[in-house]
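Trainee:
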Amino acid sequence: MTLLLFRFSAMGDVALVAPVVQAITAQYPNARLTLVTRPKFAVFFGQFPNVDVVGVDFDGLYKGLPGLYRLFGELRQRHRFDMVVDLHQNLRSAVLKNLFRLAGVPAVTINKGRAEKKALTRKHNKIRRVLPHSVERYAQTVNRANLAVQPSPEFRFQVFKEAENELSAFLASQSLLPNVPWLGVAPFAQHPQKMWPFNRFGPLLTRVLDHQPTQIFLFGGGGAETEQLVALQKQVPSAIVVAGSLSMAAELALMQRLSGMVCMDSGNMHLSVLSGVPVVSIWGATHPDTGFGPWGQGSEAVVQIPVDQLSCRPCSVFGNKPCWRGDLACMNDISVDTVTERIIALLSRGSGI
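In the numbering used here, the protein residues as written are 147 to 499.
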C-alpha cells in the first residue's frame, strides 16, 4: 500500500503525526508513505526509511492554485498512490485531495471535532468533556484508510549521530554544573493567552536552584525570543541559552537528556513529550481537554486554574482569542509557588528522592 499524507503545520501538530507513522510502518512494513509538510519538519520523520517527506514552500514555488496544481503533478510523478490521507483539513489540502480524487485516488479526511471544540470553548453553556487527542484523531483517520493501527505513548524520536556530534560540541563549549539534573525551560507559545508572565521565570528558576542545584537550558526560537532568554540568563547566570544555537535535530537530542521540561501549551511541549521527557506544562486560555495535551502523560504534567474556579476556561482552542474578562486570570493567577512546587516534585521523582 502506498499512502499520501498531508499535514503542513504547525510544528507540534506535525510532530504528533510521527507516532502514527511509526505505528503504520511497524504494522505494515511493506507500506510506502509520502508525507507533504513544511521542509523544516522533515527532521521528525528521519527514522522511518520507508517514509518519503516532501518539504513544500507554500509561499514560494507552490503558492496559490497554480502552485498547488504544480505540486499535484509532481506528487503524481513520484508514486502511484492507493490512498490520500488528509490529516490537516484546510483549503490547500482540500484542493490537493480533490485533484487526486478526480484522478481516481480515494481519500480520507480527519474529523477535527470542530463542533465539539466550539461547544467546549464558547462563552456560555459550555459542554465540557474530554475530546480525543490529536494523535488519536490521526490514527482514526488512518484506520479509515483500511488500516488498523494504535500509536504507542512509548514513542521516542530517534537521535542520529550528526545531531549527537553537534550537541556534544555545543555542550563542550558551556560551563555545565556537574552531577545535577537537567531542566529545560520553554517559556514561549504562539499566542500571549498561552504564555505565563515572562517576568516570573527569573524568580521561579531562582527558587528551583535554591532548593536543588540544577542545570537549566532555555529554549525558544527567533531573534525576539532569544533576546528575552539572554535577559533571563542575566538573572540566572548558570542557565544556558539554547535558542539560536542548535539545529532542530540537536535540540531533540538535548531534550532526550533532560530530567524535565517547563513549558506552555506549545510545540516544545509536544517535542518534549515525544522525546520521553516529563513536562510541567502551564495552561491558560486553552485546555488539555480539547485534545492537545501532553500525550501519554497524566495530570501531574499540567498546571492550570481548575474550571470550577474559573468557569470561562477554556475560551479558545488555539489561544488566539482576546480574554473576555480582560485580566487573563487563567495565567496571572498561577503563582510562582505553584509552579515551583510542581518542578521540585518532578525533579524529585526523577532522582528517586
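Just so it is clear, CB atoms sit at the ideal spot from N, CA and C, and this is done for glycine as well.
Since this is a predicted model, take the numbers as computed values, not measurements.
In the DSSP assignment, what are the bridge partners of F363?
Mentor: Within the sequence shown, the letter at position 217 stands for residue 363. Answer is G330 and I386, bridged to F363.
Trainee: Should the stretch 167-178 be regarded as contacting the stretch 396-405, the criterion being three or more beta carbon pairs within less than 8 Å?
Mentor: no
Trainee: CB G439 to CB V448, shorter than 8 Å?
Mentor: Residue mapping note: residue 439 aligns to position 293 of the sequence shown, counting from 1. Residue mapping note: residue 448 aligns to position 302 of the sequence shown, counting from 1. With a cutoff of 8 Å on beta-carbon distance, G439 and V448 are scored as near each other.
Trainee: Starting from the N-terminal side, write out each stretch of the alpha helix (DSSP H) that is 4 residues or longer and does not extend beyond the stretch 150-223.
Mentor: Listed in chain order, the complete alpha helix (DSSP H) runs (minimum 4 residues) inside the stretch 150-223 are 157-161 and 164-173.
Trainee: According to DSSP, is M147 part of a helix, a strand, or is it coil?
Mentor: As a first step, residue 147 must be located in the sequence shown, where it is residue number 1. M147 falls in the coil class under three-state DSSP.
Trainee: Within 8 Å, do at least three Cβ pairs link the stretch 340-352 to the stretch 474-484?
Mentor: yes
Trainee: Among H416, L351 and N236, which residue has its Cα nearest to the Cα of T183?
Mentor: On the sequence shown, position 37 is the one that residue 183 refers to. If we check each option's Cα against that of T183, N236 comes out closest.
Trainee: Specify, as a first and last residue, the run of the beta strand (DSSP E) that S457 falls within.
Mentor: Within the sequence shown, residue 457 is the residue found at index 311, counting from 1. S457 -> no beta strand (DSSP E), and no H or E assigned at all.
Trainee: Could you check what DSSP says for C409 in three-state terms: helix, strand or coil?
Mentor: Locating residue 409 in the sequence shown gives position 263, where the first residue counts as 1. In the structure shown, C409 sits in a strand (DSSP, three-state: E or B).
Trainee: My parser needs the beta strand (DSSP E) runs of 3 or more residues fully inside the stretch 417-455; what are they?
Mentor: Fully enclosed beta strand (DSSP E) runs of no fewer than 3 residues occupy 425-428 of the stretch 417-455, in order along the chain.
Trainee: Since L392 and E312 should fall inside the 8 Å C-beta cutoff, what is the C-beta to C-beta distance between them, to a whole number of angstroms?
Mentor: Within the sequence shown, residue 392 is the residue found at index 246, counting from 1. Within the sequence shown, residue 312 is the residue found at index 166, counting from 1. Your pair L392 and E312 checks out as a contact, with CB atoms roughly 7 Å apart and the cut at 8 Å.
Trainee: Taking 8 Å as the cut-off, decide whether the C-beta atoms of T360 and L329 are in contact.
Mentor: For the purposes of this step, residue 360 is taken as the residue at position 214 of the sequence shown. For the purposes of this step, residue 329 is taken as the residue at position 183 of the sequence shown. Closer than 8 Å, so yes.
Trainee: Could you check whether V482 and R346 sit closer than 8 Å to each other, using their CB atoms as the reference points?
Mentor: For the purposes of this step, residue 346 is taken as residue 200 along the sequence shown, with counting starting at 1. For the purposes of this step, residue 482 is taken as residue 336 along the sequence shown, with counting starting at 1. It is a contact, given that the beta carbons lie within the stated cut-off.
Trainee: For L217 versus V202, is the C-beta distance shorter than 8 Å?
Mentor: Position 71 of the sequence shown, counting from 1, holds the residue named residue 217. Position 56 of the sequence shown, counting from 1, holds the residue named residue 202. Yes.
Trainee: Work out the CA separation of L492 and E446 for me, nearest whole Å.
Mentor: Mapped onto the sequence shown, residue 446 falls at position 300. Mapped onto the sequence shown, residue 492 falls at position 346. Taking the straight line joining both Cα atoms gives about 8 Å.
Trainee: Among the residues of its own chain, which have a CB less than 8 Å from the CB of R471, if the five just before and after it don't count?
Mentor: The residue you call residue 471 lines up with position 325 of the sequence shown. Excluding positions up to five away in sequence, the list reads C458.
Trainee: Mind checking G444: buried by the 16 CB within 10 Å criterion, or exposed?
Mentor: Along the sequence shown, one-based indexing puts residue 444 at 298. With fewer than 16 other Cβ atoms within 10 Å, it is exposed.
Trainee: Please name the residue, chosen from D454, Q286, K272 and A335, that lies closest to N466 on a Cα-to-Cα basis.
Mentor: In the sequence shown, the residue the question calls residue 466 occupies position 320. Closest by alpha carbon: A335.
Trainee: In the DSSP output, what is M229 paired with across the bridge?
Mentor: Within the sequence shown, the letter at position 83 stands for residue 229. Its beta-bridge partners are L149.
Trainee: Between the alpha carbons of F363 and P333, how many angstroms are there, rounded?
Mentor: For the purposes of this step, residue 363 is identified with residue 217 of the sequence shown, where counting begins at 1. For the purposes of this step, residue 333 is identified with residue 187 of the sequence shown, where counting begins at 1. Spanning the two alpha carbons is a distance of roughly 11 Å.
Trainee: Assuming P460 and T432 are in contact, meaning their beta carbons sit under 8 Å apart, how far apart are those beta carbons, in whole angstroms?
Mentor: Against the sequence shown, residue 460 aligns to sequence position 314. Against the sequence shown, residue 432 aligns to sequence position 286. Correct: roughly 5 Å between the Cβ atoms.
Trainee: Give me, in chain order, the residues of the same chain whose beta-carbon lies closer than 6 Å to that of R283; leave out the 5 immediate sequence neighbours on both sides.
Mentor: Start at 1 with the first residue of the sequence shown, and residue 283 comes out as number 137. Correct list, in chain order: I256.
Trainee: Comparing C-alpha positions only, which one of G259, H270 and Q286 sits nearest to L277?
Mentor: Counted from its first residue, the sequence shown places residue 277 at position 131. Out of G259, H270 and Q286, the CA that lies nearest to the CA of L277 is found in G259.
Trainee: Take the Cβ of S239 as the centre, count every other Cβ of all protein chains shown within 10 Å, and call the residue buried at 16 or more, exposed below.
Mentor: Position 93 of the sequence shown, counted from the first residue, corresponds to residue 239. Buried, since its Cβ has 16 or more Cβ neighbours within 10 Å.
Trainee: Here's the rule: buried if 16 or more other CB atoms are within 10 angstroms of the residue's CB, otherwise exposed. What is L207?
Mentor: Within the sequence shown, the letter at position 61 stands for residue 207. Exposed: under 16 other Cβ atoms inside 10 Å.
Trainee: Rounded to whole angstroms, what's the CA-CA distance from E169 to G219? Just pull it up for me.
Mentor: As a first step, residue 169 is located in the sequence shown; it is residue number 23 there, counting from the start. As a first step, residue 219 is located in the sequence shown; it is residue number 73 there, counting from the start. First, the amino acid is wrong: residue 169 is Ala here, not Glu. The alpha-carbon of A169 is positioned some 29 Å away from that of G219.
Trainee: Pull up the DSSP beta-bridge partners for T255, would you.
Mentor: Position 109 of the sequence shown holds residue 255. Answer is D232, bridged to T255.
Trainee: Look at the alpha carbon of R302 and the alpha carbon of L322, and state the distance between them as a whole number of angstroms.
Mentor: The residue labelled residue 302 in the question sits at position 156 within the sequence shown. The residue labelled residue 322 in the question sits at position 176 within the sequence shown. For R302 and L322, the distance between alpha carbons rounds to 25 Å.
Trainee: Measuring straight from C-alpha to C-alpha, what distance separates H225 and M147?
Mentor: For the purposes of this step, residue 225 is identified with residue 79 of the sequence shown, where counting begins at 1. For the purposes of this step, residue 147 is identified with residue 1 of the sequence shown, where counting begins at 1. Each residue's Cα considered, the two are about 11 Å apart.
Trainee: Going by C-alpha distance, which of H279, P327 and V376 is nearest P434?
Mentor: Reading the sequence shown from its first residue, position 288 is the one you call residue 434. Checked all of H279, P327 and V376; the closest Cα to P434 is H279.
Trainee: So, is K209 buried or exposed, given that buried needs 16 or more other C-beta atoms within 10 angstroms?
Mentor: Indexing the sequence shown from 1 puts residue 209 at position 63. Burial call: exposed.
Trainee: Using a Cβ-Cβ cut-off of 6 Å (strictly less than) and excluding sequence neighbours within five positions of A399, which residues of its own chain qualify?
Mentor: As a first step, residue 399 must be located in the sequence shown, where it is residue number 253. Here the set comprises V305, A309, E310 and L313.
Trainee: Since V160 and L179 should fall inside the 8 Å C-beta cutoff, what is the C-beta to C-beta distance between them, to a whole number of angstroms?
Mentor: Counting from one through the sequence shown, the residue named residue 160 turns up at place 14. Counting from one through the sequence shown, the residue named residue 179 turns up at place 33. Not quite, the Cβ-Cβ distance comes to about 14 Å (not below 8 Å), so this is no contact.
Trainee: Roughly how many angstroms lie between the CA atoms of G498 and R153, to the nearest whole one?
Mentor: Along the sequence shown, one-based indexing puts residue 498 at 352. Along the sequence shown, one-based indexing puts residue 153 at 7. Reliability of the predicted coordinates at G498 is poor, the pLDDT of 40 falling under 50, and the value obtained from them is presented with this limitation in mind. Cα to Cα, G498 sits roughly 40 Å from R153.
Trainee: Between the C-alpha atoms of V382 and P424, what's the straight-line distance to the nearest angstrom?
Mentor: The residue labelled residue 382 in the question sits at position 236 within the sequence shown. The residue labelled residue 424 in the question sits at position 278 within the sequence shown. Roughly 23 Å separates the two Cα atoms.
Trainee: Comparing C-alpha positions only, which one of L242, G366, G368 and A249 sits nearest to F204?
Mentor: To locate residue 204, count along the sequence shown from 1; it is residue 58. Residue L242 is the option with its Cα nearest to F204.
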